[in-house]
Amino acid sequence: MNSKTLLYILKRLLLAAVTVWVVITVTFFVMHAVPGGPFQGEKSMTEAAQAALEAKYGLDKPLGTQYVTYLKDVVTKFDFGPSLKQKGRDVVDIIVDGLSTSAELGLAAAFIALIIGVVLGSIAALRRNSIFDRIIMVITTAFVSMPSFIMGTLLLTLFSIKLGIFPANGAAENGLVLPIVTLSLYPMAYITRLTRSSMLDVLGQDYIRTARAKGVSGMKIIFGHALKNSLIPVITYFGPMLAGIVTGSLVVEQIFAVPGIGRAFVNSITNRDYTMIMGTTIVLATLIVVMNLISDILYKIVDPRINLE
Amino acid sequence: MSKNPFNNQIDMENFMADDFNQATDEEKAYVVQMRPSTTFFKDGVKRLLKNKVATVCFFIIIIITLAAIFLPMVWPYKYDTMLGNIPGQPVDASFNNLKPFEYGRTELAKIDAGQKVFPHIFGTDAQGRDYFIRVVYGTRISLAVGFFASIIVLIIGLTIGSISGYCGGKIDMFIMRIVDIIYSLPDTLMVILLSSVLKVTLSSALEGTALEKLGSNMISLFIVFGLLYWVSMARLIRGQILSLREQEYVLASRAAGAKGKWIILKHLLPNCISLVIISTALQIPSAIFTESYLSFLGLGVNAPMPSLGSLASDALNGISSYAYRMVIPAVVISLIVLSLNLFGDGLRDAFDPKLNK
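Just so you know, the protein sequences line up as chains E and Y, in that order. So the first sequence is numbered by my numbering: it starts at 12 and just counts up by one. So the second sequence is numbered by my numbering: it starts at 716 and just counts up by one.
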């Protein structure tokens, strides 16, 4: 690793930190721009009760003070305050509760997408223009242009309601199978296409011809030379893939009633549970920013030829 | 005379006398093969038409668009008319949840009396509204959202990108840092956040204005697109302008006394045009995607206006008995997004051979 790479990493780290700060700031001010504040709409509340609640949550202080307090709590203590609608629970507890389920869902989906995508993509590239290649391309094109909520409901209808193979409730046994499949289809299709095109690109390179000319066996060329190099673009997709899985999980968890962060987030939007919306947005956004950072840095380290600017 | 194979002398016996005459105009015309001159645009269209997939997709898009525009004008039902709900009479529940090609009670009576009743091709929804026209109307909304959102993105991205690329220096640096930050924001989360708040904020502000009919959700969708999605367009344009402004013809124009605005408008932007068309074409399906996603979360267009996403989301309630209500908008969204994507790819291949590697 040379000094240029190090400088790049530092720059990216700084950018990531600024991004997270922007997310926190935007979230805070956007939420406080809601007319009437977070307690509007609860008609049963008297003015005195409302004032008491606002005092309790610190909403009566000037906006600047509130912002500094919030920022300090978030950064130093991971404290997003109490949930406004689920009485007596802290936002961070609700997030931690959902995190294990969501992480299981997301990681499984990412893993499946990666393995199947790379295998299918490589086969498609090696058997270029064959029937197999064509079928894979048609199917992946279809998957890429279908929103995850549609995929989810179609799978739900088919496998839970019509065939009854998997439960429709994500909390039940085997309940995560369908959500994982739903979430993995889009990145799988994307990785397949990515691997195929980069594999085709690599197979046309001179060093592959050289290896072939000096008599290296086909398998060794594929696994030793071609696959390794064609996976470089796939690394850059790690960050966007995670972002896609996170946002996809919002609707997928809703459809399959999976008790994860995504569902908590969507419910908090419908309930207008503002502290919860803020907390979840910040946690998920930070997750995505960090994943993007890792995938970008990894990309530069794996392939030193890549121009840093 | 024996022929020496290495002899370079011309063998005069093989030539006729008139071989040495001057060529006539006809003969000259035979040799010169001029192709009719072609413009960049014509050339691109020719390449595009050769691409069968893109051409088919183009016609699918045209057909869907025309249907979405004109069918609601001639169709006998309205998207928001509850057929069983006639003012002054008790609600006729026989119109609700009709299967395809079924009729409500009063319609059956009309048919028995020998009158013709226009069929409900996709049946009706839970509130007795003709589902076919709702799907058509939803398609119209989704296409409109996709189109206008892309136009907004185009205008903002083009303006900022060309300023940044042309001015360079500190301005460029400043704009690009902002772009970097917005680019690394998780867009979907921000879209959800902004639309969930704007929805509340705008609905009170819009009351009584001309924009009210459009609905606060739709406007917040446009605002969000305008705020977040211009960055990739701006980056593309900036990159293109940066490489273009070093070209000799720009230098020549500047030497001839041209000012910044003239150079941007007359020299730089026309050379970005294919890039702009391509990325706008590819922006539309992604906007439609985002809109349907937001509609599904309940943040899309305001009821009773349907969009393909909200139709799919509504269908979720009756998914076990009326699965086709889910499948129909799903198929339409996928068809639109797929055709637009393939057409956009075709455009890229046809109009920007450099990008096509």
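Quick reminder that beta carbons are idealized off the backbone N, C-alpha and C, glycines included.
Discussion item. Any contact between the segment 810-825 of chain Y and the segment 857-872 of chain Y? By contact I mean 3 or more CB pairs, one from each, below 8 Å.
Written reply: Touching, no.
Worksheet item: Hey, which unbroken runs of the alpha helix (DSSP H) at 4 residues or more fall wholly within the segment 1008-1057 of chain Y?
Response: Counting whole runs of 4 or more residues, the segment 1008-1057 of chain Y contains the alpha helix (DSSP H) stretches 1023-1030.
Worksheet item: Using a beta-carbon distance below 8 Å, is Ser1007(Y) in contact with chain E?
Response: Translated into positions along the second sequence, residue 1007(Y) becomes position 292. Any Cβ of chain E closer than 8 Å to the Cβ of Ser1007(Y) would place that residue at the interface, and such an atom is present.
Worksheet item: Does DSSP put Pro791(Y) in a helix, in a strand, or in coil?
Response: What you label residue 791(Y) is simply residue 76 of the second sequence in a count that begins at 1. For Pro791(Y), the three-state secondary structure derived from DSSP is coil.
Worksheet item: Smallest Cα separation from Phe122(E): which of Asp101(E), Thr57(E), Ile202(E)?
Response: What you label residue 122(E) is simply residue 111 of the first sequence in a count that begins at 1. Distance from the Cα of Phe122(E) is smallest, within the candidate group Asp101(E), Thr57(E), Ile202(E), for Ile202(E).
Worksheet entry | C-beta contact flag for Ser133(E) and Met210(E) at 8 Å | Here residue 133(E) is taken as the residue at index 122 of the first sequence, counted from 1. Here residue 210(E) is taken as the residue at index 199 of the first sequence, counted from 1. In terms of Cβ geometry, Ser133(E) and Met210(E) form a close pair [threshold 8 Å].
Worksheet item: Straight-line CA distance for Phe177(E) to Val269(E)?
Response: Position 166 of the first sequence, counted from the first residue, corresponds to residue 177(E). Position 258 of the first sequence, counted from the first residue, corresponds to residue 269(E). Separation of Phe177(E) and Val269(E) (C-alpha to C-alpha, rounded to the nearest whole angstrom) is 14 Å.
Worksheet item: Does DSSP classify Thr839(Y) as helix, strand or coil?
Response: As a working mapping, residue 839(Y) is identified with position 124 in the second sequence. If DSSP states are grouped into helix, strand and coil, Thr839(Y) belongs with the strands.
Worksheet item: Is Asp389(E) helix, strand or coil when you go by DSSP?
Response: Examination of residue 389(E) is not possible in this model, given that chain E is present from 12 through 320 alone.
Fill in: For Asp84(E), the three-state DSSP class (helix, strand or coil)
Residue 84(E) sits at position 73 when you count from the first residue of the first sequence. It is helical.
Worksheet item: So with Cβ pairs under 8 Å, would you call Met287(E) a contact of chain Y?
Response: As a working mapping, residue 287(E) is identified with position 276 in the first sequence. Closer than 8 Å: no.
Worksheet item: Going along the chain, which residues of the segment 191-205 of chain E sit with their C-beta nearer than 8 Å to a C-beta in chain Y?
Response: Taken residue by residue, none of the segment 191-205 of chain E has a beta-carbon sitting less than 8 Å from a beta-carbon on chain Y.
Practice prompt. Quick one: list the residues of chain E neighbouring Met1041(Y), beta-carbon separation under 9 Å, in chain order.
Written response: Along the second sequence, read from residue 1 onward, the residue named residue 1041(Y) stands at position 326. Contact of Met1041(Y) with chain E by beta-carbon distance below 9 Å involves Ile161, Thr164, Leu165, Thr168.
Practice prompt. Under the assumption that Leu82(E) contacts Ile35(E) (Cβ atoms under 8 Å), give the Cβ distance between them as a whole number of angstroms.
Written response: One-based indexing of the first sequence puts residue 82(E) at position 71. One-based indexing of the first sequence puts residue 35(E) at position 24. Contact flag correct, Cβ pair sits at about 6 Å.
Discussion item. To the nearest angstrom, how far is the alpha carbon of Ile871(Y) from that of Arg274(E)?
Written reply: Residue 871(Y) sits at position 156 when you count from the first residue of the second sequence. Residue 274(E) sits at position 263 when you count from the first residue of the first sequence. Rounded to the nearest angstrom, the gap between the Cα atoms of Ile871(Y) and Arg274(E) is 34 Å.
Worksheet item: On the three-state DSSP scale, how would you describe Pro270(E)?
Response: Sequence index remark: in the first sequence, residue 270(E) carries index 259 (1-based). Pro270(E) falls in the coil class under three-state DSSP.
Discussion item. Using a 10 Å radius around the Cβ and a threshold of 16 neighbouring Cβ atoms, would you call Leu24(E) buried or exposed?
Written reply: Taking the first sequence and counting its residues from 1, the one referred to as residue 24(E) is at position 13. With fewer than 16 neighbouring CB atoms inside 10 Å of its own CB, Leu24(E) falls in the exposed class.
Discussion item. Could you give the first and the last residue of the continuous alpha helix (DSSP H) run that contains Asn240(E)?
Written reply: Within the first sequence, residue 240(E) is the residue found at index 229, counting from 1. 238-241 is the span of the alpha helix (DSSP H), which, as asked, contains Asn240(E).
Worksheet item: Which whole-angstrom value describes the C-beta separation of Val107(E) and Leu194(E), a residue pair presumed to lie in contact below a C-beta threshold of 8 Å?
Response: In the first sequence, the residue the question calls residue 107(E) occupies position 96. In the first sequence, the residue the question calls residue 194(E) occupies position 183. Contact flag wrong, Cβ pair sits at about 21 Å.
Discussion item. Residues in the same chain with beta-carbon distance under 6 Å from Asp795(Y), minus the five sequence neighbours each way, listed in chain order, please.
Written reply: For the purposes of this step, residue 795(Y) is taken as residue 80 along the second sequence, with counting starting at 1. Taking C-beta separations shorter than 6 Å and ignoring five residues to either side along the sequence, the partners of Asp795(Y) in its chain run Pro1019, following chain order.
Item to complete: Please name the residue in Trp790(Y), Ile866(Y), Gly876(Y), Pro802(Y) whose C-alpha comes closest to that of His835(Y).
Response: By 1-based counting over the second sequence, the position of residue 835(Y) is 120. Ranking the options by Cα distance to His835(Y), first place goes to Trp790(Y).
Practice prompt. Reducing DSSP to helix, strand and coil, say where Thr16(E) ends up.
Written response: Locating residue 16(E) in the first sequence gives position 5, counting from the first residue. Three-state DSSP puts Thr16(E) in a helix.
Worksheet item: In chain Y, which residues lie less than 8 Å from Ser156(E) when you measure between Cβ atoms?
Response: Taking the first residue of the first sequence as 1, we reach residue 156(E) at position 145. At a beta-carbon threshold of 8 Å, the residues of chain Y lying near Ser156(E) are Pro1000, Ser1049, Val1052, Leu1053, Asn1056, ordered along the chain.
Worksheet item: Is Ser899(Y) close to chain E, meaning its C-beta is less than 8 Å from at least one C-beta of that chain?
Response: Within the second sequence, the letter at position 184 stands for residue 899(Y). Answer yes: the Cβ-Cβ gap between Ser899(Y) and chain E drops below 8 Å somewhere.
Discussion item. Using only CA atoms, which one of Val31(E), Tyr19(E), Arg207(E) lies nearest to Tyr898(Y)?
Written reply: As a position in the second sequence, residue 898(Y) is number 183, starting the count at 1. Measuring from the Cα of Tyr898(Y), the nearest candidate turns out to be Val31(E).
Discussion item. Looking only at its chain, what residues have a beta carbon closer than 8 Å to the beta carbon of Lys1072(Y), apart from the 5 residues adjacent to it on each side?
Written reply: The residue labelled residue 1072(Y) in the question sits at position 357 within the second sequence. Its pLDDT being 40, under 50, Lys1072(Y) is placed unreliably in this model, and the value from its coordinates should be taken loosely. Cβ within range, chain order: n/a, list empty.
Worksheet item: Name the DSSP bridge partner or partners of Asp845(Y)?
Response: Counted from its first residue, the second sequence places residue 845(Y) at position 130. Beta-bridge pairing links Asp845(Y) to Thr839(Y).
Worksheet item: Starting from Asp108(E) and walking both ways along the alpha helix (DSSP H), at which residues does that stretch end?
Response: Locating residue 108(E) in the first sequence gives position 97, counting from the first residue. From DSSP, the alpha helix (DSSP H) with Asp108(E) extends over 102-137.
Worksheet item: Going straight from the alpha carbon of Gln265(E) to that of Pro190(E), what length do you get?
Response: Translated into the one-based positions of the first sequence, residue 265(E) becomes position 254. Translated into the one-based positions of the first sequence, residue 190(E) becomes position 179. Approximately 10 Å, taken between the alpha carbons.
Worksheet item: So with Cβ pairs under 8 Å, would you call Val915(Y) a contact of chain E?
Response: Locating residue 915(Y) in the second sequence gives position 200, where the first residue counts as 1. Interface residue, yes.
Worksheet entry | Which listed residue (Lys976(Y), Phe1058(Y), Cys987(Y), Lys793(Y)) has its alpha carbon closest to that of Phe833(Y) | By one-based count along the second sequence, residue 833(Y) stands at place 118. Of the candidates Lys976(Y), Phe1058(Y), Cys987(Y), Lys793(Y), Lys793(Y) places its Cα closest to the Cα of Phe833(Y).
Worksheet item: Under three-state DSSP, which class holds Pro73(E)?
Response: Locating residue 73(E) in the first sequence gives position 62, where the first residue counts as 1. In the three-state reduction of the DSSP assignment, Pro73(E) falls in the coil class.
Practice prompt. Inspect the beta-carbon positions of Pro1044(Y) and Leu1026(Y) and report whether they are closer than 8 Å.
Written response: In the second sequence, residue 1044(Y) corresponds to position 329, counting from 1. In the second sequence, residue 1026(Y) corresponds to position 311, counting from 1. Contact flag set, yes.
Worksheet item: In chain order, what residues of the same chain have a beta carbon less than 6 Å from the beta carbon of Pro1000(Y), not counting five sequence neighbours either side?
Response: Stepping through the second sequence from its first residue, residue 1000(Y) is reached at position 285. If we look at Pro1000(Y) and ignore the five residues flanking it on each side, its Cβ neighbours are Val1052, Leu1055, Asn1056.
Item to complete: Note down the Cα distance separating Ile312(E) from Met891(Y), rounded to an integer number of angstroms.
Response: Position 301 of the first sequence holds residue 312(E). Position 176 of the second sequence holds residue 891(Y). Cα-Cα distance, rounded: 24 Å.
Discussion item. Any beta carbon from chain E within less than 8 Å of Ala1045(Y)'s own beta carbon?
Written reply: Within the second sequence, numbered from 1, the residue matching residue 1045(Y) stands at position 330. Yes, Ala1045(Y) counts as interfacial toward chain E.
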